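Have a look at the structure below before the remarks.
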Amino acid sequence: MSEHAPEEQALPADDGGEEPTSPADAEALVEEELDPVARAERERDDHLDQLRRLAAEFDNYKKRMAREHEELRQRAAERLLHDLLPVLDDLERALGAFETAENEAIADGVSLVHRALWTLLEREGVAELDPTGELFDPHRHEALLSQPADAPEGTILEVIQKGFLLGDRVLRPARVVVAGAVS
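Residue numbers (my numbering): 584 to 766.
Given below as structure tokens:
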């Protein structure tokens, strides 16, 4: 070997990327490796493209979820209304009994409507809230009146209007009379 042999230049380490397929691609890669600004711009463009795609996917997801939510709400309302139609039929029969003026028929008709409606509500998970004798809870009860009584202060004495629960959620608070301090 001669003293003046050219030194071999170190090649850049292989980063696992694809090898260039043409000399122009290879030249662009070498130029890009030498120009950090070009590399940063390419990375920026790639990230911006990914961000735009992600934003579009998320927008499509939100629209699909809103559409599915509306369809679910409509199906639930449709099912409830379908179940209420027999109750309406019973109510019409009860009203028809008024024309005959038979008190027993009227009472039977109204009772039938009440029973059918209550059965439907129970099937949907509705339960009656009867707080008589319990302590007043502002989350479940609405105090309409306070009156002196021998019961401990804050005890519910009377229910003016029933309350209802759907599972553990209050649909309508019970309107109640609460025991106040004895004078």
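For every residue, glycine included, the Cβ atom is placed at its ideal position computed from N, Cα and C.
This one's a predicted model, so the numbers in the text were calculated from it and none came from an experiment.
CB of Leu718 within 9 Å of CB of Pro731, strictly: no
Where does Arg755 sit, in a helix, a strand or coil, going by DSSP? strand
Buried or exposed: Met584, going by 16 or more other Cβ atoms within 10 Å of its Cβ? The pLDDT assigned to Met584 is 46, lower than 50, so where the model puts this residue is not dependable, and the model offers no usable value.
Are Glu707 and Leu663 closer than 9 Å when you measure CB to CB? yes
Top-ranked residue by Cα proximity to Leu712, from Arg698, Glu741, Asp673, Ala660: Glu741
Who does Ala710 pair with in a DSSP beta bridge? Leu748
With burial defined as no fewer than 16 other Cβ atoms inside 10 Å of the residue's Cβ, what is the status of Ala762: buried or exposed? buried
Spatial neighbours of Asp666 in its chain, beta-carbon cut-off 7 Å, leaving aside the 5 residues before and after: Leu703
Gly750 to Val709 span [Cα, whole Å]: 7 Å
Tell me, please, which residues DSSP counts as bridged to Gly669. It is worth fixing the name first, because residue 669 is Pro in this sequence and not Gly. DSSP, once it has assigned bridges, lists no residue as partnering Pro669.
In three-state DSSP terms, what is Glu685? coil
Helix, strand or coil: how does DSSP classify Pro589 here? Unreliable placement is indicated for Pro589, whose pLDDT of 49 sits below 50; no coordinate value is reported for it.
Asp720 versus Thr738, Pro619, His630, residue with shortest Cα-Cα distance: Thr738
Say whether the region 673–689 touches the region 643–659, bearing in mind that this needs 3 or more beta-carbon pairs closer than 8 Å, one atom from each stretch. no
Apart from the five residues just before and just after Ala764, which ones in its own chain have a Cβ nearer than 8 Å to its Cβ? Pro731, Glu736
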